[in-house]
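All you need for the numbering used here is the position in the sequence shown, starting with 1, plus 219.
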Amino acid sequence: MGKYEENFINRSTLFLMSSFETERKTKVVTKQGEFYSHLPALQLLDHACMLYASTYEGRVKANRHNLKQHKKTPILISTDGVAAFPIKSPTHPKCAWIFNHDYRTEFMSPTRTRIIFEQHKVSVELDVSIHTMEKQRSRMYEMLYYYMKIRDRHNT
């Protein structure tokens, strides 16, 4: 824990969440452990998108156009299927981004949910209803399916 880096977002990223410490803006949890960045989550996501010739804003705009998902829009970060969804408005201080890995949800209270990445022995409690978590996960998978169909259509 405690390592600083900027190219965190890849296939091993499990989730991002705000860190409210002086030089730590974002906590990045991966299959390999916890790391911190001095950049906010939206900037980390933007940098990751730019590695694949787009921007965060471009990914959001495309999904809003193609899938009509206008609030808490999930994003496809890379063409190899790295994707994530926000649990709140992306500008909300307590917004966390959940990436497309297997996890299960556990009800804690009407406004609090635990997500458990059993395979990686990682869990976190978030200020979000289980309904919102499931809806957001469903929207992310709808997006991944949409772009997979387009890719397959162009590869045949």
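Idealized CB from N, CA, C, for every residue including glycine. These numbers come from a predicted model, not from an experiment.
Indicate whether residue i and residue j have their beta-carbon atoms separated by less than 8 Å.
i, j, result
"Gln355", "Phe318", "no"
"Tyr216", "Asn285", "Past the edges of the chain, shown from 220 to 375, lies residue 216, and the structure says nothing about it."
"Ile306", "Leu264", "no"
"Arg331", "Asp346", "yes"
"Ile334", "Met362", "no"
Only counting the same chain, and skipping five residues up and downstream in sequence, which positions put a Cβ closer than 8 Å to that of residue i?
i, result
"His289", "Arg283"
"Leu261", "Tyr275, Pro309 and Thr310"
What did DSSP end up calling residue i once you bin it into helix, strand or coil?
i, result
"Val279", "helix"
"Leu233", "strand"
"Glu337", "helix"
"Lys290", "coil"
"Lys354", "helix"
"Lys368", "helix"
"Ile228", "coil"
If I measure Cβ to Cβ from residue i and keep anything under 7 Å in the same chain, skipping five residues before and after, which residues do I get?
i, result
"Gln251", "Ser231"
"His320", "Leu233 and Phe336"
"Ile349", "Thr324, Phe326 and Thr332"
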